[in-house]
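Asks: All letters in the sequence shown, in the order written, are residues 2 to 153 by my numbering. We put the beta carbon where it would ideally sit given N, CA and C, even for glycine. From a predicted model like this one, the values you see are computed outputs, not experimental measurements. Here it is, the structure, as structure tokens.
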Amino acid sequence: MRAWVFVVALVFVGQPLWAADAATNDDYCRWQAENFAIQQPLCGLQGDPERGRKIAADSHAGNCLACHKMPIDEEPFHGTVGPPLLGVGARYTAAQIRLRIVDEQQINPMTIMPGFYRDPKLANRVAEEFWGKTFLTAQQVEDVVAYLVTLK
Ligand code: HEC
């Protein structure tokens, strides 16, 4: 009887605790959008353009090429669902590019572009592997921002 109560307690009390744990994502840094831009680098991190280029091309990371044409000639397929990103660094500041990668929905609520760094607690209907996680880490976002500002 006691063991049974313990098991039930574990199921009802333990489960939500674990779920909450998974969803809090200790590494998540809050950001603030103002005038359609995020001025502060995520978690105060500095990006690396070389790494950013790889992340943008990597179909298991940013996968930006699936929707955007970029000057990454070694990859044969570039999608055209989104606007070409050639010259994006001349059109936008780093802060404006950051918000577009972090959460394009703040600019266009109907966009099909995924928000790569939205608060995981707000996520709904995400694939199991992304529960409690952002699609890119803060460092990866900053790397991609650092790369895109070089596209002038
Ligand atoms: C599923 C398709 C898709 C993916 C994947 C995607 N985007 Fe986009 N992106 C779009 C679309 C569509 C737009 C056009 C704006 C809109 O829909 O709000 C856009 C807009 C943008 C813009 C603004 C461009 C402009 O000229 O206004 C930037 C910057 C951008 N995306 C960067 C990225 C980066 C960096 C990645 C990868 C980390 C990425 N996108 C992944 C679809 C995508």
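With a threshold of 8 Å, establish whether the CB of Ala-96 neighbours any heavy atom of the ligand HEC.
Replies: False, no ligand heavy atom lies under 8 Å from that Cβ.
Asks: Strictly by DSSP, which residues pair up with Ala-38?
Replies: DSSP lists Glu-35 as partners of Ala-38.
Asks: Does the Cβ of Leu-43 have 16 or more other Cβ atoms within 10 Å, making it buried, or fewer, making it exposed?
Replies: The C-beta of Leu-43 has 16 or more other C-beta atoms within 10 Å across all chains shown, which makes the residue buried.
Asks: Tell me whether Pro-121 is buried or exposed, calling it buried when 16 or more other Cβ atoms sit within 10 Å of its Cβ.
Replies: buried
Asks: Please determine whether the Cβ atom of Val-145 lies at a distance below 8 Å from any heavy atom of the ligand HEC.
Replies: Result yes, Cβ under 8 Å from the ligand HEC.
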